[in-house]
Amino acid sequence: MSIPLLRAAALVLCLLAGLPSAGLAVEEEVVLGLSQDRVAITADFDGSEILIFGAVKREAPIPQGPPLEVIVAVSGPNSPVTVRRKAKRMGIWVNTDSVLVDSAPSFYAIATSAPFQEVISDTEDLRYRISIARAIRSVGAAMNITNAQDFADAVVRIRENEGLYSLRENTVAVDQQTLFRSAIDMPADLTEGHYTARIFLTRAGKVVSSFETDIDVRKVGLERFLYSLSREQPFLYGLMSLAIAIAAGWSASAAFRLLRNN
Amino acid sequence: MQVYLPIAEVSVNAFLLLGLGGIVGILSGMFGVGGGFLMTPLLFFIGIPPVVAVATEANQIVASSFSGVLAHFRRRTVDIKMGMVLQVGGLIGAALGVVVFNYLKSLGQVDLLVTLCYVVFLGVVGTLMFIESLNAIFKSKRTGGAPAPRRQRGWVHALPFKMRFRTSGLYISVIPPIMVGIAVGILAAIMGVGGGFIMVPAMIYILGMPTKVVVGTSLFQIILVTAFTTMLHATTNYTVDIVLAVLLLVGGVIGAQIGTRIGVYLKAEQLRILLALMVMLVCVKLGLDLLLMPNELYSLGAAGGH
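Those sequence lines, one after another, are chains A and B.
The letter at position 26 of the first sequence is residue 26 when you use my numbering, and the numbering goes up by one with no holes.
So my numbering is basically just the index in the second sequence, starting at one, shifted up by 262.
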């Protein structure tokens, strides 16, 4: 079979497949804009707000039925986390059981255009891992630990209290089922790494389109320099810390002597 | 003004840290303690990860002790020879302490160890010092200010390897000072403290040194032990946060200078009783944390302990 013939056959197949179920092929597509695709952690970094805005591109008129909803999920780099639980032993509270949660994002923020339960069905959430609980993966709980789920819940609870995980419903504004915008607050206590922003368009709880883009979060300038130095040249870094300490101690002493003598 | 700490990876208020450094610095200058036993728990409290707090505090103590010891050098209240002997023990202890610290960190029990150390040591030292200084104050009132006769000829004087310490006016074995040094070195590494609160009473009650040289000598010894601890933490754990240290020590060195001057106007017994009260207060606070049910039973740590 020649190449053009193959192409034609593929096209026909596509058309055939596309005809019966109107919503299967990507009819509505996300065109996205970010106010910034990188976050620089400087010495006076005090959190950051990322504006996420976009439009829905479509060839056909707006479909009938339930309105378009939008979910924006920004997630930090994943890493394993050891969760420890305290229990009373011999009268004092000590860490006893621990569970390794295989993967949990360092930061996770969800913004939706309506209450979460209405925007997406449970099965779709399971498939795309959107909700906070689904973003955490824990399979390696030891056999002797009962209720391992409590440990995963603890990760969510602690990080929600620290402002690292958040679900903010009704914070994505959707205009004419076409334009949408939202703002995600990044807290001051950010860790470095590749963050991803995922956008989901849903209708009647089903994801009709999704889009993913990267946000680079990095220490810059002095922060970058000190962090790298401490990892790559720890001995030099230690000596530098000591030199600063001695110099500060001496200059304070000298300054106060001058003050007293005058 | 918020400052992002590059190693701790948290954002904190710079003025809060300067203020904490200043207050602890004043105490450091007054009592000849590094102030770490107050600062390290305070750092936990404002959200600095414990491993970073312990390592960085060691670095900060270097600065405040150095600032303090210069004032004592000028007044010739540093027993350098005694300091060097204590130092030998201190370095051995610090190396041991960092090994223990890293082992317990991998077990997830480092917080418990640190807190238990604080409660036990602060409790014992605080109580003993409080009782002793109360007695001293009553005695000096009764006898019209005459100094209490120094207890002599304890077990300390029966040991071999004797050495003369002129500044302290002592002729004793080097074994007790080295043992004291080791104990303090271990504490420096595990608790992020200079160990002054152990060192000062140990010098007075075990070694029998005169109170006026105790503070200067303790500061002198603390500098090297904490410098060594800083290097060990920086090279094995990468947990010394230089930005945090600078903020704390700017407040700390200024406070230490003020504190040294306040200390001159107070009597030795008064100084000791104030220090004892403060030590006991911190002990009670930390003890309650262990005994009362915590609000959050769970805690998160990096996987694998490192």
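Using N, Cα and C, we set each Cβ at its ideal position, and we do this for glycine too.
Note that this is a predicted model, so its numbers are computed, not measured.
Extent of the continuous beta strand (DSSP E) to which Tyr500(B) belongs: Premise fails: Tyr500(B) is in no beta strand (DSSP E) and is neither H nor E.
Limits of the unbroken alpha helix (DSSP H) element including Leu282(B): Secondary structure note for Leu282(B): its alpha helix (DSSP H) is the uninterrupted segment 276–293.
Segments of 4+ residues assigned as alpha helix (DSSP H) that fall wholly inside the stretch 215–250 of chain A: 221–232
Bridge partners - Tyr195(A), DSSP secondary structure assignment: Answer is Ile215(A).
Arg181(A): first and last residue of the uninterrupted beta strand (DSSP E) it sits in: 179–186
Buried/exposed call for Ala410(B), threshold 16 Cβ in 10 Å: The pLDDT assigned to Ala410(B) is 47, lower than 50, so where the model puts this residue is not dependable, and the model offers no usable value.
Length of the line joining the Cα atoms of Arg336(B) and Leu533(B): 21 Å
Min CB distance Val205(B) to chain A below 8 Å: In the structure as shown, chain B starts at 263 and stops at 568, and residue 205(B) therefore has no counterpart that could be examined.
Spatial neighbours of Ala255(A) in its chain, beta-carbon cut-off 7 Å, leaving aside the 5 residues before and after: none
Same chain, Cβ closer than 7 Å to Ala17(A), five either side skipped, listed in chain order: Confidence at Ala17(A) is low in this model, with a pLDDT of 45, below 50, so the placement of that residue is unreliable and no value is reported for it.
Interface partners of Leu242(A) on chain B, CB under 8 Å: Asn321, Val324, Ala489, Thr492, Met493
Glu223(A) vs Thr42(A) beta-carbon contact at 8 Å: Contact: yes.
Outcome for Met493(B) when other beta-carbon atoms lying within 10 angstroms are tallied against a minimum of 16: Buried, by the Cβ-count rule.
CB of Val156(A) within 8 Å of CB of Ile184(A), strictly: no
Any non-hydrogen atom of the ligand ADP within 7 Å of Gly33(A) CB: With respect to the ligand ADP, the structure offers nothing, as it holds no ligand at all.
Glu531(B) - DSSP class collapsed to helix/strand/coil: helix
Rounded straight-line distance, which links the Cα of Arg85(A) to that of Gly287(B): 36 Å
Sequence-distant residues of its chain with Cβ nearer than 7 Å to Ile285(B) (five each side left out): Gly517
Chain-ordered chain A contacts of Met555(B) [CB-CB under 8 Å]: Lys88, Trp93
Contact check, Asp189(A) vs Val265(B), beta carbons under 8 Å: no
Cβ-Cβ separation, Arg218(A) to Tyr500(B) (assumed contact under 8 Å), whole Å: That belief does not hold up - the Cβ atoms of Tyr500(B) and Arg218(A) are roughly 18 Å apart, past 8 Å.
Stretch-stretch touch, CB-based, cutoff 8 Å, three pairs: the stretch 484–498 of chain B with the stretch 333–353 of chain B: yes
Beta-carbon contacts of Arg129(A) that lie in its chain and below 8 Å, excluding the five residues immediately before and after: Ala135
Helix, strand or coil at Gly163(A) [DSSP, three-state]: coil
Cβ-based burial, Ala252(A) [other Cβ within 10 Å; buried from 16]: Buried, by the Cβ-count rule.
Val446(B) vs Ile460(B) beta-carbon contact at 8 Å: With contacts defined by Cβ atoms closer than 8 Å, Val446(B) and Ile460(B) form a contacting pair.
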